[in-house]
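In our numbering, the protein residues as written are 4 to 362.
From the three backbone atoms N, C-alpha and C, an ideal C-beta is built for every residue, glycine too.
Small disclaimer: the values here were computed from a predicted structure and weren't measured.
Report on the structure given below.
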């Protein structure tokens, strides 16, 4: 059994935060000792943490937080430390250096750099060539992101590996039939943060063109662009057909009600919602952003449309509502992103890292 320390700024309402909570919990359930460190407390994804692991709060101040994280690493001497998201990766690398355990640190990249405009994240991303050489490993959540890290940002190729995000099926029905899916109300589902990368304006423009007379759009998620998107919905006269449901920690009920899932992202390093939609057997309409295209295997398990093309999105939604198809192949594809498989891959990387840095 090993000891692991996971670090994330907070368990806020994002996909990366949920992934980290689920992965840490899977290690704890397997019998490993797990510490989860955060800079400050947030409740949105705290419920995904297994009660057996230890939750440690550091400090909101970046400098104090780094020092506290370094002290925690020195005191606990975990076999490996893991972090996710740009700013957290930088703080983690600094803390691991201070604790003289940088070669036992794994930095996980969850997004393309344009998606992380915050000042500290920009600094972390600029330092990618250095950070990926002084730490033990770097992990990208898709092949497209790994290629971008190496080609465009100077990441060290040998130490930079790809592990797809683990996907919680969120209580997906095990034996959903084609007929049962087609009998659902014509609800189009979007799950994600309301931020520029998700290109919600294209989604609203597309839904305005959908011809199915009873189609409705459920938007699950929250973010800084909510008021702008609500205004766009009102301007198009769609107020009675579009429902804003806000952030939901467990969106399983929304997946079980929907007939199809749509994602109109301009940048998407993985696309948890796409994999979750497949796990629920839903036909998926997605733009050609890197992560979702990998998940649906270039259109084998979903419909891929050009980025920013509202007309193409509308046609694809109409097609999915008219004939949702067979859920079984999609659910089988989603099982390839299991929590157990992701945990196994991380453990393989960790054991290789430990072999290079025995202590």
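Buried or exposed (CB count within 10 angstroms, at least 16 for buried), residue i
{"i": "residue 268", "result": "buried"}
{"i": "residue 232", "result": "buried"}
{"i": "residue 353", "result": "buried"}
{"i": "residue 208", "result": "buried"}
{"i": "residue 39", "result": "buried"}
{"i": "residue 356", "result": "buried"}
{"i": "residue 11", "result": "buried"}
{"i": "residue 48", "result": "buried"}
{"i": "residue 214", "result": "exposed"}
Residue i - DSSP class collapsed to helix/strand/coil
{"i": "residue 1", "result": "With the chain represented from 4 up to 362, any question about residue 1 goes unanswered, as that position is not in the structure."}
{"i": "residue 218", "result": "coil"}
{"i": "residue 302", "result": "helix"}
{"i": "residue 51", "result": "helix"}
{"i": "residue 4", "result": "coil"}
{"i": "residue 231", "result": "helix"}
{"i": "residue 103", "result": "coil"}
{"i": "residue 255", "result": "helix"}
{"i": "residue 36", "result": "strand"}
{"i": "residue 10", "result": "strand"}
Given residue i as reference, the closest of the options once Cα atoms are compared
{"i": "residue 34", "options": "46, 56, 50, 47", "result": "56"}
{"i": "residue 115", "options": "71, 360, 84, 151", "result": "151"}
{"i": "residue 86", "options": "23, 102, 130, 37", "result": "23"}
{"i": "residue 326", "options": "263, 79, 346, 310", "result": "263"}
{"i": "residue 183", "options": "328, 315, 288", "result": "328"}
{"i": "residue 166", "options": "360, 362, 339, 221", "result": "339"}
{"i": "residue 144", "options": "361, 163, 360, 299", "result": "163"}
{"i": "residue 173", "options": "252, 348, 361", "result": "252"}
{"i": "residue 53", "options": "70, 69, 80, 25", "result": "25"}
{"i": "residue 322", "options": "312, 286, 4", "result": "286"}
{"i": "residue 243", "options": "260, 225, 216", "result": "216"}
{"i": "residue 198", "options": "168, 186, 230, 219", "result": "230"}
{"i": "residue 311", "options": "303, 168, 291", "result": "291"}
Cβ pair residue i, residue j closer than 8 Å
{"i": "residue 279", "j": "residue 293", "result": "no"}
{"i": "residue 93", "j": "residue 127", "result": "yes"}
{"i": "residue 295", "j": "residue 274", "result": "yes"}
{"i": "residue 206", "j": "residue 265", "result": "yes"}
{"i": "residue 139", "j": "residue 102", "result": "no"}
{"i": "residue 8", "j": "residue 84", "result": "yes"}
{"i": "residue 223", "j": "residue 257", "result": "yes"}
{"i": "residue 202", "j": "residue 118", "result": "no"}
{"i": "residue 221", "j": "residue 196", "result": "no"}
{"i": "residue 120", "j": "residue 158", "result": "no"}
Through-space distance from residue j to residue i, alpha-carbon basis
{"i": "residue 66", "j": "residue 112", "result": "22 Å"}
{"i": "residue 204", "j": "residue 193", "result": "13 Å"}
{"i": "residue 160", "j": "residue 153", "result": "6 Å"}
{"i": "residue 238", "j": "residue 211", "result": "11 Å"}
{"i": "residue 190", "j": "residue 20", "result": "27 Å"}
{"i": "residue 14", "j": "residue 342", "result": "18 Å"}
{"i": "residue 249", "j": "residue 176", "result": "24 Å"}
{"i": "residue 309", "j": "residue 316", "result": "8 Å"}
{"i": "residue 282", "j": "residue 360", "result": "38 Å"}
{"i": "residue 149", "j": "residue 156", "result": "10 Å"}
{"i": "residue 30", "j": "residue 171", "result": "15 Å"}
Residue i beta carbon near the ligand ZN (any heavy atom closer than 7 Å)
{"i": "residue 74", "result": "The ligand ZN is not part of the structure shown, which contains no ligands of any sort."}
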